Amino acid sequence: MENGDTSEIVTDYVKDRPLISFASSEQPFYLRCLVKSFEYFFGWRKVESIYNQVKPHPFSIGEFVTNAFQVAKIDHKFDKEQLNKIPNSGPLVFIANHPFGVIDGIALCDLAVRTRGDFRILIHAVMCQDEDLARYFLPVDFSNTKEATRNNIRSKRIAKKALVEGIPLLVFPSGFVSTADKFGLGQVREAPWTTFAAKMIRDAKATVVPVYFHGQNSRIFHVASHLSEALRSLALLNEVKKRFDGPVHTTIGEPLFWAELEAIQDRKTLTQFLYNEVQK
0 MENGDTSEIV TDYVKDRPLI SFASSEQPFY LRCLVKSFEY FFGWRKVESI YNQVKPHPFS
60 IGEFVTNAFQ VAKIDHKFDK EQLNKIPNSG PLVFIANHPF GVIDGIALCD LAVRTRGDFR
120 ILIHAVMCQD EDLARYFLPV DFSNTKEATR NNIRSKRIAK KALVEGIPLL VFPSGFVSTA
180 DKFGLGQVRE APWTTFAAKM IRDAKATVVP VYFHGQNSRI FHVASHLSEA LRSLALLNEV
240 KKRFDGPVHT TIGEPLFWAE LEAIQDRKTL TQFLYNEVQK
C-alpha cells in the first residue's frame, strides 16, 4: 500500500514547473546556456516529454514507475521469483551498483514498488523538483552550503523513519555513476562505497536485498566524465535516452536477514560484505 504521510518531505528543490535538466542557477550564465543547448541537441526534450506523459492523474507512484518503462519501451528483465523471498514487513533496504544513472534508479524503484508498493530513495537533489515525487525522493545535495547540509541531514532523518515504518529504503552506496579510470579509457569501476547504508542497516536491524544491474555506459560518457562535470552531466542525459527501446537486465540476490548481518559490527567490514554480495 502506498504511504499517504506527507508530514516529512524535503520541498526545498520543488519547482512549479519541474525541468529534467542539469542546468543550475548556481552555474555561471554562459554555462547554463551551454548545458541547455547541449540538452536540446541530444534530444533531451524527448525525455522530458516522456516524463510528462507517464505522470498519472491522480498521482500514483506505482503507475508512474510502470508507465516510465512502458512509454520509454524499456524491458526490465529480472527473476520475479526472487521478489517472493523478500519479507512483507519490517525494515528493508535495497542496495545496488550504479552503472547507468537514472535508469537503474527507476529500475530499483520498480522492484520496491512490486515488493511493498512504496519506497524512499536517496537521489541527486537536481532530480527532486517534482512535488508529486518529493515524498519518495530524498535529496542528496552536493553543494557546499549550509542549506545543503541541513537538507542532507533531513533526508537521513526521513530515511530512518521510513525504515521504522517498514517503507523500503533504496541506496546506491557509491553515490556516483560508475566511471572508467585512465581518463575514461580504462576499466569501469564503482566509486568507493560509503558506510552510510551499513549504518542505516545496523541501526534499523534491516533485511537487505542486494541488486546488480548488468551493463555500463558508453565510452563517450566515461571520457566526458574526466573532462568536466558539465560534460559528464550532458553525456549522462544522452546515456538515458540510449537505454530507450531496450532491456535492462537485473539480478536480485538472496535477502540478507538481520540475523545473518548482526555479527558484522564494524561498518566498513559490513560495507565490504554488502559490496561483495552485490557483485557476486
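Quick note: the sequence shown uses numbering that gives the first Met the number 0, first residue 0, plus one each step.
No residue lacks a Cβ here, since even glycine has one placed at the ideal position from N, Cα and C.
Model, not experiment: these values are computed from the prediction.
Classify residue i as buried or exposed, calling it buried when 16 or more other Cβ atoms lie within 10 Å of its own Cβ.
i: Y135; result: buried
i: V92; result: buried
i: N216; result: buried
With H, G and I counted as helix, E and B as strand and the rest as coil, what does DSSP make of residue i?
i: D4; result: Here the model assigns D4 a pLDDT of 49, short of 50, so the residue's position is not dependable, and the following value carries that caveat. Looking at D4 - three-state DSSP - the assignment turns out to be coil, as it is neither helix nor strand.
i: V139; result: strand
i: P113; result: The displayed chain sequence assigns Arg, not Pro, to residue 113. Residue state, collapsed to three classes: helix.
i: H221; result: helix
i: K160; result: helix
i: V53; result: helix
i: K76; result: strand
As a quick exercise: from the options, pick the residue whose alpha carbon is nearest that of residue i.
i: L233; options: V101, N83, D15, G61; result: V101
i: V53; options: E38, R44, A71, R113; result: A71
i: T194; options: V208, P90, V170; result: V170
i: D73; options: V46, G185, L184; result: A small fix is needed here, since residue 73 is Ile in this sequence, not Asp. For the residues V46, G185, L184, the minimum Cα distance to I73 belongs to V46.
i: I263; options: V222, R115, A229, A197; result: A197
i: K76; options: G89, F28, F63, A106; result: A106
i: G116; options: D103, T144, T65, M126; result: T65
Are the CB atoms of residue i and residue j nearer to each other than 8 Å?
i: W192; j: P167; result: no
i: S177; j: P98; result: yes
i: V277; j: N151; result: no
i: A124; j: P138; result: yes
i: K84; j: P209; result: no
i: F182; j: V207; result: no
i: Q128; j: Y39; result: no
For residue i, would you say it is in contact with chain D, using Cβ-to-Cβ distances shorter than 8 Å as the test?
i: F256; result: The chain inventory of the structure shown lacks chain D, comprising one protein chain alone.
Check for me: the beta strand (DSSP E) holding residue i runs from which residue to which?
i: A95; result: 91-95
What is the residue span of the alpha helix (DSSP H) that residue i lies within?
i: Y39; result: 28-40
i: I60; result: 60-71
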